[in-house]
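Peer 1:
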Amino acid sequence: MGLDIFEIDKKIFSNKERLFYFLEGKIVYPINIEIDPSNSCNEKCMWCCWEDHRKDRTKMSRELLEKIIYDLADAGVKSINWTGGGEPLTNKYVPESMKLASSLGIQNGIFTNGVLIDEFIAKTLVENCEWVRVSLGAATPYTFYKCHGIKKFDDVVNGLNLLKNFKEKLNSNTTLGVSQLVVKDNYNELYSEALLAKNIGLDYYQGKPDIRMGSEDFSWWDKEVVPLFEKAKRNLEDNTFRVLVAQYTKDKYGDAGTRFRDSGERELSISEKEKSNCYVHNFVTAITANGDVAFCKNLRDNKDYLLGNIKEKSFKEIYNSQRKLEIEKEINSKGCGVFCQNGKLNETLRYLKTIHTENKEDSFNLINSFPNLSRDKHPNFL
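Residue 384, in the numbering used here, is where the sequence shown stops; the numbers in between run on with no holes.
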């Protein structure tokens, strides 16, 4: 497994036809859609940014999920990230919806806390997903309970073992990994969690800094956390297992990505500092649990950036709407934080736009110079 499964700005070049349409000003439907099938969650994580969703606990119906998937297939969407909102697997219709998507040629990937992974779900995920990422965040039952608010550590570890066993049994290429939001309550188990993931037989461990971390935490991060990342990379990485940092961190700090800094300290490139337009919505967006289609997946909770509801219109109708054109004209992405994993992609798209304006042939030649990534690099997941 290569690191390029996370390098979104490279993946876009495997979708050359969409890029050509985009540069020519034609209608472009997204390659990748995030779906929140549920706002309900079975954990109480200390760092949860979706706490307000616990109030309504909306879940998509089987009929709505079916409509969405057929709509997305009609629009040529290539992949779905099942996420939340809440915990996607609290919606009992997700497994059958994944099967439907697969049958229509749409690839699946899922972010899950892993609590509900039993044999049926593990087999379904391995059969229908390109990747599965489990938010573990601990290496012991005590720390898991402290961070997640429930005593289900053993259940999650059992689910990870089931995934690995079915991957071997079915000779599947599904990429399996765990992620950890690294905070002061769990950082001391960073190395142990990465080791646990490797011992189970997973493909990677990913550490992510809390975007709310302020300047008062910098010295702690550099002194306590970075050495653990470095130790894990040094001792655990090989040709079957990787130790990774979050994409938004890597984009900003490159190879020194573990030395995360406050999102307010936006040391972006000159082109990003001068940015205004955002083009990423042409390639990736989100649909919320109540059916709202967002202009930007990171603004799915902001009513000012909703395009329409898929219960009332088709996805194509929503994406061809006047509302989308209005937001495109007024959007200004200067205030977007480094947590936006699509910042690097937007920079790439802006660069291609500039070249295309000057010389169309140069832009097409540049795009064609990039090789298409193989399926195991997940080129359709942005």
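Every residue gets a Cβ at the ideal spot worked out from N, C-alpha and C, and that includes glycine.
Remember, it's a predicted structure, so these values are computed and weren't measured experimentally.
Using the three-state DSSP reduction, which class does Leu384 fall into: helix, strand or coil?
Peer 2: coil
Peer 1: Tell me which residues share the same chain as Ala291 and place their Cβ nearer than 7 Å to its Cβ, disregarding the 5 neighbours each side in the sequence.
Peer 2: Asp38, Pro39, Ser40, Asn41, Thr60, Lys61, Met62 and Gly87
Peer 1: How would you write the range of the beta strand (DSSP E) that Gly209 sits in, first residue to last?
Peer 2: Start and end: Tyr206 to Pro211.
Peer 1: In chain order, what residues of the same chain have a beta carbon less than 8 Å from the beta carbon of Asn83, not counting five sequence neighbours either side?
Peer 2: Asn34, Ile35, Glu36, Ile37, Gly111, Ile112, Phe113 and Phe383
Peer 1: What residue range does the beta strand (DSSP E) around Gly111 cover?
Peer 2: In the DSSP assignment, Gly111 falls within the unbroken beta strand (DSSP E) covering Gln109 to Thr114.
Peer 1: DSSP state of Lys156, grouped into three classes?
Peer 2: Here the sequence assigns Asp to residue 156, which means Lys is not the residue at that position. The answer is helix: DSSP assigns Asp156 an H, G or I state.
Peer 1: In angstroms with no decimal places, state the Cα-to-Cα distance between Lys336 and Glu349.
Peer 2: 12 Å
Peer 1: Check whether the region 134-147 and the region 187-203 touch, using three or more Cβ-Cβ pairs below 8 Å as the test.
Peer 2: Using a Cβ-Cβ distance cut-off of 8 Å, the region 134-147 and the region 187-203 are in contact, since at least three pairs of beta carbons, one from each stretch, lie closer than that value.
Peer 1: Within the same chain, show all residues whose beta-carbon is closer than 8 Å to that of Phe22, passing over the 5 residues directly before and after it, in chain order.
Peer 2: Phe366 and Ile369
Peer 1: Just curious, the alpha helix (DSSP H) that Glu195 is in, first and last residue?
Peer 2: Leu192 to Ile202
Peer 1: Quick one: grab the DSSP three-state call for Arg244.
Peer 2: Strand.
Peer 1: When the Cα of Gly116 is compared with those of Tyr144, Asp58 and Lys154, which residue comes out closest?
Peer 2: Lys154
Peer 1: Whole alpha helix (DSSP H) runs in the region 268-337 with 4 or more residues, listed along the chain?
Peer 2: 272-275, 317-321 and 324-332
Peer 1: Can you look up Glu349 in the DSSP assignment and give me helix, strand or coil?
Peer 2: helix
Peer 1: CA-CA distance, Thr242 and Gln324?
Peer 2: 48 Å
Peer 1: Applying the criterion that 16 or more other CB atoms from any shown protein chain within 10 Å of the CB defines a buried residue, is Phe262 buried or exposed?
Peer 2: Only weak support is given to the placement of Phe262: the predicted model assigns it a pLDDT of 38, under 50, and the value that follows is read from those uncertain coordinates. Phe262 comes out buried.
Peer 1: Less than 8 Å separating the beta-carbons of His150 and Glu26?
Peer 2: no
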